[in-house]
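Chains as they are written, first to last, in our numbering: chain F, 25 to 363; chain E, 392 to 696.
Everything on this sheet refers to the single structure shown next.
Set out below in structure tokens:
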């Protein structure tokens, strides 16, 4: 069965190896380039303590490129699920060749187990290699920027992508088993995976461990650190606040001293019609001054950066358990309703 | 062990398969001994593929039981090794070469007979390096047959093996098939919508029409039990209870009936003629078609009213 699986998989494997070779070459070049650039910036200052401006320039140089590469590495599990997982069973059912292979002296359970194990391990290896290479290449920037807990970077570093690949691959296989047609199964797989990759970081990941809480008084200075103020619904919200050494998972509305949300009327009045002070600075100027006068604060939920590795393991375990459940369902389904 | 030897090739009780509301096979009771070459005959859509796919464990029954060589179909790897199956339209892997297929057969079947496979592939003139996707229908069927036979099964099952082949390829294929069956000492079941495909090789016959088994038995018994009666019009209206009328045809002056009698035919004043296998099968098919057509008419009439 191992030989048969390999014989069926070798064409796709070749494409995977070529893709991985290109990525490896690029990431190696990038990694050396980043290190050289780091040394150059570092040479401009006498000690690390004085090097703040140079290093943040260094980090800014690579920030965007690394974000795109993180998205690319985050996509690899989806591609693996689409091109390796979805056709695994669907192609057999579509061509009717399951009637040939299931008539050999190999049970369907054994057949699926070998296919899942072999191609699944290959999927995890490809995603893992890409992720570890990017982690290495980006490590000088990550150290300076200290944002590897952020949504996109978290899923494109270290071990999490390996679990994503296992999940996406099993998901693709199962969809193929149920849909029984290769192309629709491929489309559904990538769609389902993208939905998952959107939902998990935003809805599930913040709750892997109980969040820490803090109350942040919204002074003029604090307000001007925010990325945005207000929303189209007119609610008194601030977005993009940061806490040192933490991943902010939730920020409340602007609250008054009594803990009630700030009245929308007052908020909008400050927003559109703030009294001019003439001295206000920062992106929100007079609005910030006006709001700060109402003695507002926000409640922030966050996960300390020290939990980064706990989260990597928890997220990996979460996806691996999901993959296991899907595989179990696949075996059950294959036994009950073979074709 | 005597018990080990006594199991039939195929045994079913109340076997039923439904796809949604469509009945593909209804209440099928069979007991086919081993060592036979079984012809499974019936029109397209009669349920032949359903029965054979059930026998190979490719699908599971809705109701009833089925035992193949004494075990549930595809019970385990050892049981799978005892049953060789060539599915309808003889599926093979298009990207595998002929040699790859043989290698796959060798890897997946502990009882694989490489010498047999090599000899047969050479005999039918297949190129080992050719991709199976480029083979003609006849060549593909020969390849599928070789894979099924080289695992040396006790029972070989063929689903419409000759349907897609031209007459010459069909002849070569059937020839080859019978040689395999003889060489392996295996039982075989082959289905066809044409009696002529299987008539020349089978010694046991199952007629399947409208999802039901119409008749099943040893060919020589069936021939002995069926007769054609010819009598003046109206005289065949009252026949003894043990005489089952399969098909009645009227002309202006005579009526002809194909009948089945389990024992000896009672003494009759009418002319009794032997029935060919073909006429017998046709009579059962006509009866089944008549029954289902009649039912449809009745239902249509009801609906109009």
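Glycine included, each C-beta is placed from N, C-alpha and C at the ideal position.
Would you say the beta carbon of residue i comes nearer than 6 Å to a heavy atom of the ligand COA?
{"i": "residue 34 of chain F", "result": "In the structure shown, the ligand COA is absent, as is every other ligand, since no ligand is present at all."}
What's the call for residue i, buried or exposed, on a 16-neighbour Cβ count within 10 Å?
{"i": "residue 356 of chain F", "result": "exposed"}
{"i": "residue 642 of chain E", "result": "exposed"}
{"i": "residue 588 of chain E", "result": "buried"}
{"i": "residue 122 of chain F", "result": "buried"}
{"i": "residue 514 of chain E", "result": "exposed"}
{"i": "residue 540 of chain E", "result": "buried"}
{"i": "residue 48 of chain F", "result": "exposed"}
{"i": "residue 678 of chain E", "result": "buried"}
{"i": "residue 168 of chain F", "result": "buried"}
{"i": "residue 317 of chain F", "result": "exposed"}
{"i": "residue 341 of chain F", "result": "exposed"}
{"i": "residue 282 of chain F", "result": "exposed"}
List the residues of chain E whose Cβ lies closer than 7 Å to the Cβ of residue i, in chain order.
{"i": "residue 126 of chain F", "result": "449"}
{"i": "residue 29 of chain F", "result": "Per Cβ cutoff of 7 Å: no residues; residue 29 of chain F is ~10 Å from chain E at best."}
{"i": "residue 106 of chain F", "result": "Chain E residues near residue 106 of chain F: none, gap ~20 Å exceeds 7 Å."}
When the Cα atoms are used, what is the spatial distance from residue i to residue j?
{"i": "residue 197 of chain F", "j": "residue 353 of chain F", "result": "11 Å"}
{"i": "residue 90 of chain F", "j": "residue 296 of chain F", "result": "38 Å"}
{"i": "residue 217 of chain F", "j": "residue 470 of chain E", "result": "39 Å"}
{"i": "residue 545 of chain E", "j": "residue 623 of chain E", "result": "51 Å"}
{"i": "residue 350 of chain F", "j": "residue 414 of chain E", "result": "32 Å"}
{"i": "residue 447 of chain E", "j": "residue 584 of chain E", "result": "20 Å"}
{"i": "residue 403 of chain E", "j": "residue 455 of chain E", "result": "7 Å"}
{"i": "residue 135 of chain F", "j": "residue 125 of chain F", "result": "8 Å"}
{"i": "residue 31 of chain F", "j": "residue 449 of chain E", "result": "23 Å"}
{"i": "residue 579 of chain E", "j": "residue 476 of chain E", "result": "10 Å"}
{"i": "residue 105 of chain F", "j": "residue 557 of chain E", "result": "42 Å"}
{"i": "residue 286 of chain F", "j": "residue 278 of chain F", "result": "6 Å"}
{"i": "residue 304 of chain F", "j": "residue 246 of chain F", "result": "14 Å"}
{"i": "residue 631 of chain E", "j": "residue 615 of chain E", "result": "18 Å"}
{"i": "residue 519 of chain E", "j": "residue 112 of chain F", "result": "26 Å"}
{"i": "residue 654 of chain E", "j": "residue 621 of chain E", "result": "20 Å"}
{"i": "residue 268 of chain F", "j": "residue 329 of chain F", "result": "9 Å"}
To which residues of the same chain is residue i closer than 8 Å at the C-beta, ignoring the five residues directly before and after it?
{"i": "residue 233 of chain F", "result": "327, 331, 334, 335 and 338"}
{"i": "residue 440 of chain E", "result": "479, 550, 551 and 582"}
{"i": "residue 133 of chain F", "result": "355, 358 and 359"}
So, with DSSP's three-state summary, where would you put residue i?
{"i": "residue 422 of chain E", "result": "strand"}
{"i": "residue 456 of chain E", "result": "strand"}
{"i": "residue 68 of chain F", "result": "coil"}
{"i": "residue 412 of chain E", "result": "coil"}
{"i": "residue 356 of chain F", "result": "helix"}
{"i": "residue 273 of chain F", "result": "strand"}
{"i": "residue 116 of chain F", "result": "helix"}
{"i": "residue 637 of chain E", "result": "strand"}
{"i": "residue 556 of chain E", "result": "coil"}
{"i": "residue 111 of chain F", "result": "helix"}
{"i": "residue 240 of chain F", "result": "strand"}
{"i": "residue 665 of chain E", "result": "strand"}
{"i": "residue 294 of chain F", "result": "helix"}
{"i": "residue 690 of chain E", "result": "Bear in mind that the predicted position of residue 690 of chain E carries a pLDDT of just 43, short of 50, making it unreliable; the figure below should be weighed with that in mind. It is helical."}
At 8 Å on the CB atoms, spell out the chain F contacts of residue i, in chain order.
{"i": "residue 398 of chain E", "result": "Within chain F, no residue comes near residue 398 of chain E; the closest Cβ sits about 19 Å away, beyond 8 Å."}
{"i": "residue 542 of chain E", "result": "128 and 129"}
{"i": "residue 539 of chain E", "result": "127"}
Name the chain F residues whose beta carbon is nearer than 7 Å to that of residue i?
{"i": "residue 501 of chain E", "result": "129"}
{"i": "residue 482 of chain E", "result": "119, 120, 121, 123 and 124"}
{"i": "residue 611 of chain E", "result": "Correct list: empty, because the minimum Cβ distance to chain F is about 31 Å."}
{"i": "residue 491 of chain E", "result": "31"}
{"i": "residue 518 of chain E", "result": "Near residue 518 of chain E there are no residues of chain F at all, since even the closest Cβ is about 18 Å away, more than 7 Å."}
{"i": "residue 467 of chain E", "result": "131"}
Going along the chain, which residues of its own chain have a beta-carbon closer than 6 Å to the beta-carbon of residue i, five neighbours each way excluded?
{"i": "residue 311 of chain F", "result": "294, 295 and 298"}
{"i": "residue 487 of chain E", "result": "523"}
{"i": "residue 54 of chain F", "result": "161"}
{"i": "residue 241 of chain F", "result": "321"}
{"i": "residue 353 of chain E", "result": "Outside the displayed span of chain E (392 to 696) sits residue 353 of chain E, for which this structure offers no information."}
{"i": "residue 102 of chain F", "result": "192, 214 and 217"}
{"i": "residue 669 of chain E", "result": "586"}
List the residues of chain F whose Cβ lies closer than 9 Å to the Cβ of residue i, in chain order.
{"i": "residue 471 of chain E", "result": "126, 127, 128, 129, 130 and 131"}
{"i": "residue 476 of chain E", "result": "123, 124, 126 and 127"}
With a threshold of 7 Å on Cβ separation, who are the neighbours of residue i within its own chain once the five nearest residues in sequence on each side are excluded?
{"i": "residue 205 of chain F", "result": "114 and 118"}
{"i": "residue 292 of chain F", "result": "258"}
{"i": "residue 344 of chain F", "result": "187 and 190"}
{"i": "residue 62 of chain F", "result": "82 and 164"}
{"i": "residue 532 of chain E", "result": "481, 552, 556 and 564"}
Chain E partners of residue i, CB-CB under 8 Å?
{"i": "residue 25 of chain F", "result": "498 and 499"}
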